[in-house]
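Peer 1:
Numbering (this note's numbering), first residue to last: 198 to 524.
What follows is the structure in structure tokens.
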């Protein structure tokens with residue numbers, strides 16, 4: 198009969214190996230449990246310190262809000278072009294502006310996620326917003342001016358006001374965070390439809406399928422002049438194509454703990470959210486999107502604004518039907 202050695206009989210070398218394997222299993226299990234959303238992420242955050250890297254803003258001035266009619270989650274994502282810190286190479290303008298505003302609608306079953314791009318040049322009625330420096334009055338203006346003049350809470354308030362959709366959370370991502378997230382994925386593969394040279398966006402690309410690094414992906418997302426028709430709507434189409442490619446890449450590559458760690462570290466260092474939307478909530482929402490939960494990107498239907506051919510206004514009733522479907 199085969200006789201197995203009991204633990205006291207194991208050599209010191211074998212005992213050391215067992216301990217190392219046990220530690221590796223514990224570390225891998227901890228990461229796997231977090232990714233699968235089986236335990237509160239606060240436990241992991243206390244270990245990693247990642248949650249503390251997320252900046253939060255208060256949203257106390259949202260005013261009368263649309264009713265929440267379903268268990269779906271609506272998240273407003275704003276791309277910030279702040280020139281602070283490492284972003285100074287893109288210019289010396291003070292403050293932060295946005296060229297990107299997308300309202301993501303995640304149904305309760307996690308399927309048929311919809312991302313609605315809100316063109317920055319859209320002329321809308323912006324409500325009064327309170328800031329640390331006082332009140333920015335209500336006005337008719339481009340939708341991105343809500344963020345430019347009064348920050349993320351005002352962008353949130355404005356989107357609810359003009360769409361009638363209850364926005365559950367708002368997220369602001371700056372240049373640095375976007376680049377780092379792309380690099381953490383190992384780049385993103387994309388079909389570039391034509392040669393692009395946009396000095397303002399710091400971008401030079403040849404036509405064809407290629408892997409873009411973080412710097413190139415950022416330039417592609419920002420490029421407007423010298424590519425396509427030079428319009429904001431053309432830029433939106435490229436941004437949507439880039440985000441589809443990023444989502445596909447993430448599904449393929451964020452299966453290893455080290456890559457998940459690198460991606461989260463890249464994201465949390467340059468993200469601002471409302472106080473109710475931390476790392477755990479981001480994970481829970483992301484994990485609610487099932488295997489078939491691809492993103493259906495759309496753009497609010499628009500036409501030329503009569504008062505300024507460089508601006509647009511939303512086409513009614515088509516825009517109303519889109520937002521009614523989200524509600």
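In this text, a Cβ means the ideal position worked out from N, Cα and C, and glycines have one as well.
Evaluate residue 337 with the Cβ neighbour count: other Cβ atoms within 10 Å of its Cβ, from every protein chain shown; 16 or more gives buried, anything less gives exposed.
Peer 2: What you label residue 337 is simply residue 140 of the chain shown in a count that begins at 1. Looking at its Cβ environment, which holds fewer than 16 other Cβ atoms inside 10 Å, residue 337 is exposed.
Peer 1: What residues are listed by DSSP as bridge partners for residue 476?
Peer 2: As a working mapping, residue 476 is identified with position 279 in the chain shown. Bridge partners of residue 476: none, in fact.
Peer 1: Please report how far the alpha carbon of residue 259 lies from the alpha carbon of residue 334, in whole angstroms.
Peer 2: Position 62 of the chain shown holds residue 259. Position 137 of the chain shown holds residue 334. Taking the straight line joining both Cα atoms gives about 14 Å.
Peer 1: Within this structure, are the beta carbons of residue 344 and residue 275 separated by less than 7 Å?
Peer 2: One-based indexing of the chain shown puts residue 344 at position 147. One-based indexing of the chain shown puts residue 275 at position 78. Their beta carbons are under 7 Å apart, which means residue 344 touches residue 275 by this criterion.
Peer 1: Would DSSP call residue 525 helix, strand or coil?
Peer 2: Lying before the first or after the last residue shown, residue 525 is absent from the chain, which here runs from 198 to 524.
Peer 1: Leaving aside the five residues before and after residue 447 along the sequence, list all residues of the same chain whose C-beta is less than 7 Å from its C-beta, in chain order.
Peer 2: Taking the chain shown and counting its residues from 1, the one referred to as residue 447 is at position 250. Taken in chain order, the residues that qualify are 382.
Peer 1: Going by beta carbon distance, what residues of the same chain come within less than 7 Å of residue 433, once the five residues before and after it are set aside?
Peer 2: The residue labelled residue 433 in the question sits at position 236 within the chain shown. Cβ within range, chain order: 314, 316, 496.
Peer 1: Hey, out of 254, 503, 468, whose CA is closest to residue 375's CA?
Peer 2: Translated into the one-based positions of the chain shown, residue 375 becomes position 178. Comparing Cα-Cα distances from residue 375 to each of 254, 503, 468, the minimum goes to 468.
Peer 1: Grab the span of the beta strand (DSSP E) containing residue 331 for me, first residue to last.
Peer 2: As a first step, residue 331 must be located in the chain shown, where it is residue number 134. Per DSSP, residue 331 belongs to the beta strand (DSSP E) from 331 to 333.
Peer 1: When you compare each of 347, 312, 348 to residue 523 by their alpha carbons, which one comes out closest?
Peer 2: In the chain shown, residue 523 corresponds to position 326, counting from 1. Residue 523 has its Cα closest to that of 312, out of 347, 312, 348.
Peer 1: For residue 305, I'd like the list of residues in its chain whose CB is within less than 6 Å of its CB, leaving aside the five on either flank, ordered along the chain.
Peer 2: Your numbering for residue 305 matches position 108 in the chain shown. Within the same chain, residue 305 has close Cβ partners 268, 269.
Peer 1: For residue 263, which of 503, 251, 415, 361 has the nearest alpha-carbon?
Peer 2: Residue 263 sits at position 66 when you count from the first residue of the chain shown. Cα-wise, what sits closest to residue 263 is 361.
Peer 1: Answer with buried or exposed for residue 266, where buried requires no fewer than 16 other C-beta atoms within 10 angstroms of its C-beta.
Peer 2: The residue labelled residue 266 in the question sits at position 69 within the chain shown. Exposed, because fewer than 16 other Cβ atoms sit within 10 Å of the Cβ of residue 266.
Peer 1: Counting beta carbon pairs with one atom in the region 387 to 403 and one in the region 423 to 430, are three or more of them shorter than 8 Å?
Peer 2: With a cut-off of 8 Å, the region 387 to 403 and the region 423 to 430 count as touching, because enough Cβ pairs lie within range.
Peer 1: Roughly how many whole angstroms lie between the Cα atoms of residue 396 and residue 261?
Peer 2: Taking the first residue of the chain shown as 1, we reach residue 396 at position 199. Taking the first residue of the chain shown as 1, we reach residue 261 at position 64. Spanning the two alpha carbons is a distance of roughly 43 Å.
Peer 1: Evaluate residue 420 with the Cβ neighbour count: other Cβ atoms within 10 Å of its Cβ, from every protein chain shown; 16 or more gives buried, anything less gives exposed.
Peer 2: As a first step, residue 420 must be located in the chain shown, where it is residue number 223. Looking at its Cβ environment, which holds 16 or more other Cβ atoms inside 10 Å, residue 420 is buried.
Peer 1: Assign residue 273 to one of three DSSP states: helix, strand, or coil.
Peer 2: Working through the chain shown from its first residue, we reach residue 273 at position 76. Three-state result, residue 273: strand.
Peer 1: Determine the contact status of residue 250 and residue 466, defining contact as a CB-CB distance below 7 Å.
Peer 2: To locate residue 250, count along the chain shown from 1; it is residue 53. To locate residue 466, count along the chain shown from 1; it is residue 269. For residue 250 and residue 466, yes; Cβs fall inside 7 Å.
Peer 1: Only counting runs of 3 or more residues, tell me where the beta strand (DSSP E) segments fall wholly within the region 390 to 468, in order along the chain.
Peer 2: Runs found: 393 to 395, 400 to 402, 405 to 409.
Peer 1: The beta strand (DSSP E) with residue 314 in it runs from where to where?
Peer 2: If you number the chain shown from 1, residue 314 lands on position 117. It spans 310 to 314 - the beta strand (DSSP E) in which residue 314 sits, taken as one unbroken run.
Peer 1: By the three-class DSSP mapping on this structure, what secondary structure does residue 349 have?
Peer 2: As a working mapping, residue 349 is identified with position 152 in the chain shown. Residue 349 falls in the helix class under three-state DSSP.
Peer 1: Skipping 5 residues on each side, what residues in its chain have a beta carbon closer than 6 Å to that of residue 418?
Peer 2: As a first step, residue 418 is located in the chain shown; it is residue number 221 there, counting from the start. For residue 418, where only same-chain residues beyond five positions count, the Cβ hits under 6 Å are 436, 439.
Peer 1: By Cβ distance below 6 Å, which residues in the same chain neighbour residue 155 in space, the five residues on each side in sequence not counted?
Peer 2: Not covered by the structure: residue 155. The range shown for the chain is 198 to 524.
Peer 1: Contact defined as beta carbons within less than 8 Å: I believe residue 296 pairs with residue 367. What is the distance between those atoms, to the nearest angstrom?
Peer 2: For the purposes of this step, residue 296 is taken as residue 99 along the chain shown, with counting starting at 1. For the purposes of this step, residue 367 is taken as residue 170 along the chain shown, with counting starting at 1. Contact doesn't hold; Cβ gap of about 17 Å is too wide.
Peer 1: Below 8 Å on the Cβ atoms is my guess for residue 408 versus residue 463; work out the distance and round it to an integer in Å.
Peer 2: Indexing the chain shown from 1 puts residue 408 at position 211. Indexing the chain shown from 1 puts residue 463 at position 266. Wrong, their Cβ atoms sit about 17 Å apart, outside the cutoff.
Peer 1: Can you tell me whether residue 377 is helix, strand or coil according to DSSP?
Peer 2: Taking the first residue of the chain shown as position 1, residue 377 is located at position 180. Three-state DSSP puts residue 377 in a helix.
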